[in-house]
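Chains as they are written, first to last, in my numbering: chain A, 1 to 255; chain B, 256 to 510.
Heads up, the beta-carbon is just placed ideally off N, CA and C, and yes, glycines get one too.
It should be emphasised that the depicted structure is a prediction, and the values quoted were computed from it without experimental measurement.
The next block holds one structure in the form of C-alpha cells; read it before the comments.
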DNA sequence: TCTGTCCCTTTGTCCGACAAAGTTAAGTCG
DNA sequence: CGACTTAACTTTGTCGGACAAAGGGACAGA
C-alpha cells in the first residue's frame, strides 16, 4: 500500500551538473545575454563554492551544448548555439541509427520544398544576392566535384535562409549534412551531373526572383530526383548511411 | 599584403578534446557498438596516458553529446543518442534565437503533414495499436488540459514513428517540443478545444487505418489550424517563443 | 609605430586524497 | 545447499594544491 506522498523527490544531481544547469538557466531565461562574459573559472569557483575541477566539468557540458564558448583568448562567454554545430550532432545520431538514404531522400524532399516555398514567398534582395553569388561561384567550379558539392550544400542553406523560417532552417540541416556529401560522388560519376546541378540552381533562383512558387517546387523536385537517379547508379536507396560520411561531417563541424 | 599560405594550421586540440574525439571515432565507425562498455575512468587513464581529470572532461563532452551514458551503476557504455534529448538542445537553441510562433507553425505544418503521409503509407499494426492506446488515454483525460497536452504531444510522436522515417521523426521533434506545450494553455482557454483535439486524433487514426492520404492531410491541417485559432485568442503568432517554455522543455528533458 | 620585456592572470593538465555508493567475495546461518 | 550478512575492494564525484604555457597589459626602447 503506497504511503501518502509526504516528500518531493530530492534533486540529487552531481555538482558539475548543477553548475551547468545554473548557468544554462541564466542564459536561457535571458539574464545572461549572448556575448556576455561568464567570468573566469576562478570566479565561478568562488560563486558556486565548488572545486575548479567541478566547474570545469560543468563548463564542458555547456560548451558541448553550444551555450558558451571560449573566444580567441579562451575567455568564457555566452553565445547563440550555431545551427550547423547542433545539427552535426543530429547527423551523427542519424548515422548511428543507420538511417537509409531513402529516409534521407524523402525527408529532404519535404524539407527542401518547404524551404523553396518560403523563399519564393519571402526572399529578400540580400538573400537573392547571396544566391546569385553562390551560383557564380558554382559555375566557376563546375568541373571540380568536391568544390561543386560544397557550393551545392551552401546553396540549399541559402535557400532555407531565404525562407526566413529559422525552424525550417534548423530542421533541414541534419538531413542535408548527410545528404549533400554524396553529391560529390554523384557529380564525379555522372558526366552531365555538374551542369544539370548548376542549371537547376539557376532555375531555382529565377523562380524565387519571379515569386513563382510552381516553378520553385518543380525545380526542387527535379533537382532532388536528379540526385536520386545519380545515387541509384552508385548504390541502393535502402543502403544505410555509411560510417564514412562521418569523416566528412566531422571535417565540416570543425570549421 | 597577405603572405602566401605556406603552412596549414596545426591541430592543437586540448587533451580532453582528443580523448573525446578518439572515443567518438570508435563509436561512430562502429568499433564500439551501442551498449558496449567503455571501461572505467582508470582504464581510460591508463590507455590514454593522461590524468583522470582530463579523462573526466572528455567524458562530459561525450555524455552531453549523447554518445555515452552511465548505467544504473554509473559504469560507462556507448549508446544510441536519443532523439528527444538531442532535440531538446535544438529547442533550446530556437528559444535563444527567439523564433516566432509563426515560424513554428509553418514548419510544423510541413513536418506533420509529411509525417501523416508517411504514416498513412507505412504504418504497421503495432503503430496503429499504439495510436489507439494513446487515443483511449486521451479520451480519459479530456478534461485535464495538462495531461491532454501531454497525450497530444505523444500522439504526434507516434504518428511520426508510424511514418517509419527516422529522419522525419528527428526533424519534427525540436519544433514539436516548443509547439505542443502551448496546447495546454489553449485547451484550458477554449472550452470545446479538448473534444475537438481528440476528435481530430480519431479521424487521423482512422485515415491511417484506411490508408486515406487525403483525409490524413486534411485532418492534420484542421488540427493545426485549430491550434492556431486557439493560440491567436491568446497571443499573436508573431510573438517569439517565450523563455517560459524552457521551463517546460527542461522538465521534459529530465524524464 | 613597432618590438621586446616583465609581470600578472587564466587555462590546461597533473598529482594525490577521500567519502559515498556500488560490486565482489567470503562467511554465516537456516 | 541456498539465501542472507558482512567485509573488502572498486569506482565515481569532489576536493585541495601545484605548475607550465599562453594571453593581456603596461612600459621602455628603437
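Counting of Cβ neighbours within 10 angstroms places residue 123 of chain A among the buried residues, the total reaching 16 or more.
When Cβ-Cβ separations below 7 Å define contact, residue 332 of chain B makes no contact with chain A. Annotation for residue 456 of chain B: the continuous alpha helix (DSSP H) segment containing it runs 448–464.
Taking the CA atoms as reference points, residue 162 of chain A sits about 14 Å from residue 213 of chain A.
Taken through DSSP and simplified to helix, strand or coil, residue 490 of chain B comes out as coil. Counting other Cβ atoms within 10 Å of its Cβ, residue 42 of chain A stays below 16 and is therefore classed as exposed.
Counting C-beta atoms within 10 angstroms of its own C-beta, residue 489 of chain B has fewer than 16 neighbours from the protein chains shown and is therefore classed as exposed. Setting aside the 5 residues that flank it on each side, residue 368 of chain B is surrounded in the same chain by 472, 475, 476, each with a C-beta closer than 8 Å to its C-beta; the list follows chain order.
In the DSSP assignment, residue 333 of chain B falls within the beta strand (DSSP E) that extends over 331–333. In the displayed model, residue 436 of chain B falls within a helix according to three-state DSSP. Exclusion of the five residues before and after residue 409 of chain B leaves 389 as the residues of its chain whose Cβ lies within less than 7 Å of its Cβ. Where residue 68 of chain A is concerned, the enclosing beta strand (DSSP E) starts and stops at 68–70. With the rule of 3 Cβ pairs closer than 8 Å, the region 79–94 of chain A counts as touching the region 160–180 of chain A.
By the Cβ rule, the region 127–143 of chain A does not count as touching the region 318–326 of chain B, because fewer than three pairs are nearer than 8 Å. Within the DSSP secondary-structure output, residue 355 of chain B pairs in a beta bridge with B/495.
Among the bridge pairs identified by DSSP, residue 37 of chain A is matched with A/77.
Taking 7 Å as the cut-off, the beta carbon of residue 421 of chain B is found no closer than this to the beta carbon of residue 95 of chain A. In the three-state DSSP reduction, residue 124 of chain A falls in the coil class, being neither helix nor strand. By the Cβ neighbour-count rule, residue 164 of chain A is buried, with 16 or more other Cβ atoms within 10 Å of its own.
Counting only residues of its own chain and dropping the five nearest sequence neighbours on each side, residue 132 of chain A has a CB closer than 8 Å to the CB of 205. Taking residue 34 of chain A as the centre and dropping the five residues before and after it, the same chain places the C-beta of 78, 79, 80 closer than 7 Å to its C-beta, in chain order. Taking C-alpha positions only, residue 188 of chain A is separated from residue 211 of chain A by approximately 33 Å. No Cβ of chain B is located within less than 7 Å of the beta carbon of residue 176 of chain A.
For residue 165 of chain A, the chain B residues whose C-beta falls within less than 7 Å of its own C-beta are 358, 361, 362, listed in chain order. For residue 352 of chain B, the residues of chain A that pass the 7 Å Cβ criterion are 80, 166, in the order they occur in the chain.
Here residue 467 of chain B carries a coil assignment [DSSP, helix/strand/coil]. Within chain A, 89, 93 have C-beta atoms less than 8 Å from the C-beta of residue 321 of chain B, given in sequence order. Contacts with chain A at 7 Å (Cβ-Cβ) do not include residue 408 of chain B. Shortest Cα-Cα distance from residue 52 of chain A to any of A/19, A/73, A/74 involves A/19. Judged by DSSP in its simplified three-state form, residue 337 of chain B adopts coil rather than helix or strand. Shown here for residue 174 of chain A: same chain residues with a beta carbon closer than 7 Å to its own, the five before and five after excluded, namely 87, 90, 91, 94 in chain order. For residue 272 of chain B, the enclosing alpha helix (DSSP H) covers residues 270–283.
Residue 365 of chain B counts as buried, since no fewer than 16 other beta carbons sit within 10 angstroms of its beta carbon.
Annotation for residue 190 of chain A: no alpha helix (DSSP H) segment contains it, and DSSP assigns it neither H nor E.
DSSP places residue 304 of chain B in the coil class of the three-state scheme, outside both helix and strand.
When C-alpha distances from residue 454 of chain B are compared across B/278, B/407, B/486, the shortest belongs to B/407.
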